[in-house]
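K.L.:
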Amino acid sequence: MYDAKFRLSLLERLSLIGVYIRLPFRLLVNVVLSPFLARTRGKRMNRVVAETVAGFLIANCSPRQLQYFLGPSIEKYVQWAKKNAIQPVIDNVLGSNAKVVWLTDKRTDRVLFFVHGGGYMTPFVDNMVGYCPGLRKALLKQTGGEQDFGIAALVYTIYPATFPTQLTEFTLALTQMITSGVSPENIILIGDSAGANLIIQLITHTLRPVPGIPPSPFVAIDDIDVPRRRLGGIILVSPWISLGTPAPSYAQNTKYDFLTAGPLTRWGSYYMNGVEPKHVPWVKPLSSSLYKGIELLVSRVLITAGSRECLRDDAMNLFGMIEELQIPQEKLDITLDIEEGGIHEDAILDIESPQKPGGGLSQATMRQVHWIREAFEAAS
Numbered sequence: 007m008y009d010a011k012f013r014l015s016l017l018e019r020l021s022l023i024g025v026y027i028r029l030p031f032r033l034l035v036n037v038v039l040s041p042f043l044a045r046t047r048g049k050r051m052n053r054v055v056a057e058t059v060a061g062f063l064i065a066n067c068s069p070r071q072l073q074y075f076l077g078p079s080i081e082k083y084v085q086w087a088k089k090n091a092i093q094p095v096i097d098n099v100l101g102s103n104a105k106v107v108w109l110t111d112k113r114t115d116r117v118l119f120f121v122h123g124g125g126y127m128t129p130f131v132d133n134m135v136g137y138c139p140g141l142r143k144a145l146l147k148q149t150g151g152e153q154d155f156g157i158a159a160l161v162y163t164i165y166p167a168t169f170p171t172q173l174t175e176f177t178l179a180l181t182q183m184i185t186s187g188v189s190p191e192n193i194i195l196i197g198d199s200a201g202a203n204l205i206i207q208l209i210t211h212t213l214r215p216v217p218g219i220p221p222s223p224f225v226a227i228d229d230i231d232v233p234r235r236r237l238g239g240i241i242l243v244s245p246w247i248s249l250g251t252p253a254p255s256y257a258q259n260t261k262y263d264f265l266t267a268g269p270l271t272r273w274g275s276y277y278m279n280g281v282e283p284k285h286v287p288w289v290k291p292l293s294s295s296l297y298k299g300i301e302l303l304v305s306r307v308l309i310t311a312g313s314r315e316c317l318r319d320d321a322m323n324l325f326g327m328i329e330e331l332q333i334p335q336e337k338l339d340i341t342l343d344i345e346e347g348g349i350h351e352d353a354i355l356d357i358e359s360p361q362k363p364g365g366g367l368s369q370a371t372m373r374q375v376h377w378i379r380e381a382f383e384a385a386s
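To convert, take the position in the sequence shown, counting from 1, and add 6; that gives the numbering used here.
1) Should T185 be labelled buried (16 or more other beta-carbon atoms within 10 Å of its own) or exposed?
2) Under a Cβ-count criterion, where at least 16 other Cβ atoms within 10 Å of its own Cβ denotes burial, should R236 be classed as buried or exposed?
3) To the nearest whole angstrom, what separates the beta carbons of G197 and L265, a pair I think is in contact under 8 Å?
4) Is it true that the CB of L367 sits closer than 7 Å to the CB of A56?
5) Mapping the DSSP letters down to three states, classify D343 as helix, strand or coil.
6) Select from N192, I96, S255 and R53 the residue whose C-alpha is nearest the C-alpha of R379.
7) Could you have a look at A167 and say whether DSSP puts it in helix, strand or coil?
8) Check each candidate in N103, V117, V54 and L39 and name the one with the smallest Cα separation from H240.
9) If contact is defined by three or more beta carbon pairs under 8 Å, each pair taking one atom from either stretch, is the region 319–330 in contact with the region 351–369?
10) For the beta strand (DSSP E) containing K105, name the first residue and the last one.
11) So P129 packs on G77, CB below 8 Å; how close in whole Å?
12) Just the C-alpha distance for N36 and G299, rounded to the nearest angstrom, thanks.
13) With distances taken Cα to Cα, identify the nearest neighbour of L14 among N66, F75, P30 and R53.
14) What residues match up with F264 in a beta bridge as DSSP calls it?
15) Could you please give me the residues that DSSP links to P98 through a beta bridge?
16) Counting C-beta neighbours from all protein chains within 10 Å, is the total for F120 16 or more, i.e. buried, or is it exposed?
17) Which residue wins for smallest C-alpha separation from M372, given the options P252, G140 and A167?
18) Are at least three pairs of beta-carbons, each pair with one atom in the region 100–119 and one in the region 337–347, less than 8 Å apart?
19) Relative to the C-alpha of F169, which candidate in L249, A158, G238 and D320 has its C-alpha closest?
20) According to the Cβ coordinates, are C316 and D356 closer than 7 Å?
21) Given this structure, state the Cα-to-Cα distance separating L22 from C67, to the nearest angstrom.
22) Looking at the structure shown, is M372 part of a helix, part of a strand, or coil, going by DSSP?
23) Does G124 get closer than 7 Å to chain B when you measure Cβ to Cβ?
24) Taking the alpha-carbon positions, what's the R314 to A257 distance?
25) Please classify I80: does DSSP put it in a helix, a strand, or coil?
Below, the structure written as structure tokens:
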């Protein structure tokens, strides 16, 4: 897991100070020019500020500097819990350095299990911590409080650790959750960007196990749990499968997206440099054959992206590969939702910085809420 005790070199600290000094000027320029810039035109000021700060830090800081500046994931979680009057609940994942944190009361009937993004480079930051609770709040409002669920999140080891560290931790965490009494059909996995990539790693590991790491909890064991019950659903928000290899949408949308082509390509290369060639198909599963049998693991999948985000093609290519398998809809209900004008992780930004008057959520974000409601209803 992230080690808060590491120290930056003198050069790294001086560089970071330079970023701090330049940030207010960049923010001022973007705020003043926001009506005229392709990236911010038509957006409310809260969104302009959020995108400018995130984009500037990502573009100008190294992974080590970001980790130092942002701080440990657990620290961010505890701060969020205190701010929201929630008692922190932190479960150690046995056999690993990972932890599972609860963003609601701990429960075993319905669980939305979140895997955060950040390119495997950054910790569990504030807007990611608040994302799933924001979806839950909208669902409770929509149902008059009648349909509720618990939210757990994986705090995994970030860079410089690479594959298979994160997959091992995720596998062990899910196994521990199921062993504790949560039925697979009552679990919805949701991940953004690198978190979505980690869920995809789990899918391919379940269907074609990686030698030398713990087996997926969804692999049936002869004479014990045949057939293995399926997951309640999977949501992949801005999934990342092009690590280190730019897709055409990188160049097309870098002028619109706060997560631009440069950092995406660098971060993907950093991660892939530590991946053995034999393991690449699990990290970058770019053949439809690698998803063969997915309907045995899950019956509902939602893939989301923005039409103006650099990872748009990743989402579309992933959907296309699974569609190539021609799985009947009654066995796998898969949906691709491309938000017109949306950018990277637009729903997370929408919950953090709503664009509607009064804090209302966008139609695309509400489609995620509705999908979660239907998935839990189908499992009950």
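Here a beta-carbon is modelled for each residue, glycine too, at the ideal position from N, C-alpha and C.
P.N.:
With the given structure in hand:
1) Sequence index remark: in the sequence shown, residue 185 carries index 179 (1-based). Result: exposed.
2) Translated into the one-based positions of the sequence shown, residue 236 becomes position 230. Buried, by the Cβ-count rule.
3) Reading the sequence shown from its first residue, position 191 is the one you call residue 197. Reading the sequence shown from its first residue, position 259 is the one you call residue 265. 16 Å between Cβ atoms; not a contact.
4) Numbered from its first residue, the sequence shown carries residue 56 at position 50. Numbered from its first residue, the sequence shown carries residue 367 at position 361. The answer is no: Cβ separation not under 7 Å.
5) Counted from its first residue, the sequence shown places residue 343 at position 337. If DSSP states are grouped into helix, strand and coil, D343 belongs with the strands.
6) Here residue 379 corresponds to residue number 373 of the sequence shown, with the count starting at 1. Check the Cα spacing between R379 and each of N192, I96, S255 and R53: the tightest is with N192.
7) For the purposes of this step, residue 167 is identified with residue 161 of the sequence shown, where counting begins at 1. Correct three-state label for A167: coil.
8) The residue you call residue 240 lines up with position 234 of the sequence shown. The residue you asked about is not His; residue 240 is Ile in the sequence shown. Of the residues N103, V117, V54 and L39, the one whose Cα lies closest to the Cα of I240 is V117.
9) no
10) In the sequence shown, residue 105 corresponds to position 99, counting from 1. Per DSSP, K105 belongs to the beta strand (DSSP E) from K105 to W108.
11) Counting from one through the sequence shown, the residue named residue 129 turns up at place 123. Counting from one through the sequence shown, the residue named residue 77 turns up at place 71. So it is a contact: roughly 7 Å between Cβ atoms.
12) Residue mapping note: residue 36 aligns to position 30 of the sequence shown, counting from 1. Residue mapping note: residue 299 aligns to position 293 of the sequence shown, counting from 1. Approximately 47 Å, taken between the alpha carbons.
13) Counting from one through the sequence shown, the residue named residue 14 turns up at place 8. Measuring from the Cα of L14, the nearest candidate turns out to be F75.
14) For the purposes of this step, residue 264 is taken as the residue at position 258 of the sequence shown. DSSP, once it has assigned bridges, lists no residue as partnering F264.
15) Stepping through the sequence shown from its first residue, residue 98 is reached at position 92. According to the sequence shown, residue 98 is Asn rather than Pro. The beta-bridge partner set that DSSP reports for N98 consists of K105.
16) Taking the sequence shown and counting its residues from 1, the one referred to as residue 120 is at position 114. Buried, since its Cβ has 16 or more Cβ neighbours within 10 Å.
17) As a first step, residue 372 is located in the sequence shown; it is residue number 366 there, counting from the start. It is G140.
18) no
19) Along the sequence shown, one-based indexing puts residue 169 at 163. Nearest C-alpha to F169: L249.
20) The sequence position of residue 316 within the sequence shown is 310, counting from 1. The sequence position of residue 356 within the sequence shown is 350, counting from 1. No. Outside cutoff.
21) Taking the first residue of the sequence shown as position 1, residue 22 is located at position 16. Taking the first residue of the sequence shown as position 1, residue 67 is located at position 61. Rounded to the nearest angstrom, the two C-alpha atoms are 7 Å apart.
22) Taking the first residue of the sequence shown as position 1, residue 372 is located at position 366. In this structure, M372 counts as helix in the three-state DSSP scheme.
23) Note that chain B does not occur in the displayed structure, where there is just one protein chain.
24) The residue you call residue 314 lines up with position 308 of the sequence shown. The residue you call residue 257 lines up with position 251 of the sequence shown. Taking the straight line joining both Cα atoms gives about 11 Å.
25) For the purposes of this step, residue 80 is taken as the residue at position 74 of the sequence shown. DSSP places I80 in helix when its eight states are reduced to three.
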